[in-house]
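Enquirer: Quick note: the sequence shown uses my numbering, first residue 40, plus one each step.
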Amino acid sequence: MYVAKRKRVVKLGREIDLGDFYLTDFVQPYSYGPEEAVKQAWENLMGYYKADPEGFVRLMNLIGLFNMYVKELWNLVNTEIKYRHDDPVFQTPDFWLLPNETWKQKEGDCEDTTFMLLSAIYRVKRGWEANDEVARRAVAYGCIGYYVDYSGAPYGHGFIIYSTDRILNGRELWIETTLESEVSQSIWYLADFNRLVPVYFFTDRECFRIDKDYERLGLTEDYVDKHRDLIDAMIEYVETGRRLKVKWMHKGRRTPQLTGILIT
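1) Using the three-state DSSP reduction, which class does W135 fall into: helix, strand or coil?
2) Between V238 and I274, is the Cβ-Cβ spacing less than 9 Å?
3) Pop quiz: L136 and V66 are said to be a contact at Cβ under 8 Å. What is the actual Cβ separation, rounded to whole angstroms?
4) Measure how close the beta-carbons of Y122 and V163 come, nearest whole angstrom, since I'm counting them as under 8 Å.
5) Output the distance between the C-alpha atoms of Y180 and L235, rounded to the nearest integer angstrom.
6) Roughly how many angstroms separate the alpha carbons of Y186 and H196, rounded to a whole number?
7) Could you check what DSSP says for G195 in three-state terms: helix, strand or coil?
8) Per DSSP, what kind of secondary structure is V238 in: helix, strand or coil?
9) Run through the DSSP bridge pairs and tell me what E146 is partnered with.
10) Indicate the three-state DSSP secondary structure (helix, strand or coil) for G103 in the structure shown.
11) Let me check understanding here. Comparing Cα to Cα, which of Y194, Q224, K110 and V178 lies closest to E150?
12) According to the Cβ coordinates, are I214 and I300 closer than 9 Å?
13) My guess is that L218 and Y201 are in contact by the Cβ rule of under 8 Å, so how many angstroms apart are they, rounded?
In structure tokens form, the structure reads like this:
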């Protein structure tokens with residue numbers, strides 16, 4: 040396991056240092072925000088069941104109730120949390136919110152929604168995995184890294200990598216958390232992994248770094264070498280507090296092209 044810290048600093052008249060946080064500290068499954076999201080997502084799922092019990096059971100038999108729960112949490116974060124860039128609020132290029140802060144404000148950018156969704160997923164997973172095989176085998180990583188657009192320009196980005204043996208035969212699903220729209224339970228919109236670079240990836244308990252742990256994501260050393268300059272820059276940004284040389288994703292540029300996977 041790799042350990043990294045990230046300082047939270049705001050500049051509201053004066054610089055206020057809120058201290059160092061381990062990356063896993065931003066994943067808080069048992070805090071108020073994720074707890075509320077989990078309750079609301081379950082109510083939404085039960086609404087789906089009442090409206091279309093046959094369709095609900097058919098999909099549950101295909102991918103498992105846990106994955107339907109994850110999808111509903113994803114929908115909830117997409118629709119409840121509106122995208123907002125950090126600069127106007129915190130007077131700093133990037134300020135990482137804790138899940139409670141994101142849920143309370145109902146606003147945040149890519150890493151904020153990533154922390155929020157990952158926290159909610161692990162709230163359900165930790166409660167279900169003892170008795171649910173699908174929950175036990177599923178893995179979700181929050182990622183801090185980059186999106187590389189079609190011109191080759193990189194932008195700092197946060198996203199989730201999720202894997203379950205019930206969808207795409209266990210292949211990693213690269214998930215955007217800033218869609219701002221609800222998607223049918225039977226469709227999973229996935230980002231192009233060729234355009235994303237996860238420098239740090241983490242659960243609620245462990246943190247990993249791509250140059251040391253790339254095999255966990257089914258990636259190769261060649262992948263790391265290809266993105267070495269970007270990886271080194273993000274490591275400096277997180278571990279020494281240096282300013283990232285590239286811009287972070289922002290409204291109008293934040294969502295890579297997605298591919299819809301239909302569950303049938």
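Yeah, the Cβ is synthetic: ideal placement off N, Cα and C, and Gly gets one too.
Since we're looking at a predicted model, the values are computed, not measured.
Expert: So, from the listed chains and residues:
1) Correct three-state label for W135: coil.
2) Yes, Cβ-Cβ distance for V238 and I274 is below 9 Å.
3) About 12 Å; that fails the 8 Å criterion.
4) The pair is not a contact, with the Cβ atoms about 24 Å apart (cut-off 8 Å).
5) Straight-line Cα distance between these residues: approximately 14 Å.
6) Separation of Y186 and H196 (C-alpha to C-alpha, rounded to the nearest whole angstrom) is 6 Å.
7) Reduced to three states, the DSSP call for G195 is strand.
8) In the three-state scheme derived from DSSP, where H, G and I count as helix and E and B as strand, V238 is classed as strand.
9) According to DSSP, which records beta bridges pairwise, E146 is partnered with K121.
10) Note: G103 maps to coil in three-state DSSP.
11) Nearest Cα to E150 within the set Y194, Q224, K110 and V178: Y194.
12) Not in contact: I214 and I300 (Cβ atoms no closer than 9 Å).
13) Incorrect: roughly 15 Å between the Cβ atoms, too far for contact.
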